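Visitor: First residue of the sequence shown: 1, per the UniProt record's numbering; consecutive thereafter.
Structure in structure tokens, see below.
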Amino acid sequence: MDSIDLKILALLQKDATLSIAAIGEQVGLSQTPCWKRIQRLEADGVIDRRVAVLDPVKLGLGLTVFVSIETADHSKDWLEQFAGRISAMPEVLEFYRMAGDVDYMLRVVVADMAAYDTFYKNLIATLPLKNVTSRFAMEKVKSTTALPLPAPPPRGRTEPRLAVVGE
């Protein structure tokens, strides 16, 4: 991946609706080479998908809950069953297997406390769980879908570094 690819990715992270012509103009390419680079980035899996980012509050989903789960069972079969059931719950936006004092972490978005109570009851009915702890977000301070992109190394440098805004 070169500096042009990184510029294309930065633009697409900010606005995936930009036309190929607009992207090409900003990175110094004509449409065809720009389109080919984007296609390659998609084929390589660097660009996973293009989506619309929705406002949960405007959709009536004003409660974000971070749910920590501990389990006594760490078998492969248990994890496969648990992962399948949790992944099928539309309220769960993110689901992680953790290292440390909890086994799993979920980010859940629901309308209100009553909706969370319904979700919680469904969660604890999935499989036996040792402990479930819910933490309710009071305010969203920062939220982004943009990943920090590495800057291309200067000549003679081989290790990547994070891009600085304005470079």
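Built from N, CA and C at the ideal position, the CB exists for glycine as well.
Keep in mind the model is a prediction, meaning the values are calculated, not measured.
Taking C-alpha atoms, which residue in 9, 105, 131 and 95 lies nearest to residue 148?
Guide: Numbered from its first residue, the sequence shown carries residue 148 at position 148. Of the candidates 9, 105, 131 and 95, the one whose C-alpha sits nearest the C-alpha of residue 148 is 9.
Visitor: Take residue 78 as the anchor and find which of 145, 132 and 128 has the nearest alpha-carbon.
Guide: For the purposes of this step, residue 78 is identified with residue 78 of the sequence shown, where counting begins at 1. The shortest C-alpha separation from residue 78 is found at 128.
Visitor: Given a cut-off of 9 Å, decide if residue 34 and residue 45 are closer than it, judged by their beta-carbon atoms.
Guide: For this step, residue 45 is matched to residue 45 along the sequence shown. For this step, residue 34 is matched to residue 34 along the sequence shown. It is not a contact, given that the beta carbons lie outside the stated cut-off.
Visitor: Does the contact criterion of 3 or more C-beta pairs under 8 Å hold for the segment 77-93 versus the segment 133-143?
Guide: No: fewer than three Cβ pairs fall under 8 Å.
Visitor: Beta-carbon within less than 6 Å of residue 146's beta-carbon, same chain only, minus the 5 sequence neighbours each way: which residues are those?
Guide: Residue mapping note: residue 146 aligns to position 146 of the sequence shown, counting from 1. Contacts found: 13.
Visitor: Within the same chain, show all residues whose beta-carbon is closer than 7 Å to that of residue 91, passing over the 5 residues directly before and after it, in chain order.
Guide: On the sequence shown, residue 91 is found 91 positions in, with the first residue counted as 1. 108, 109, 110 and 119, listed in sequence order.
Visitor: Let me know the secondary structure DSSP gives residue 106 once reduced to three states.
Guide: In the sequence shown, residue 106 corresponds to position 106, counting from 1. Note: residue 106 maps to strand in three-state DSSP.
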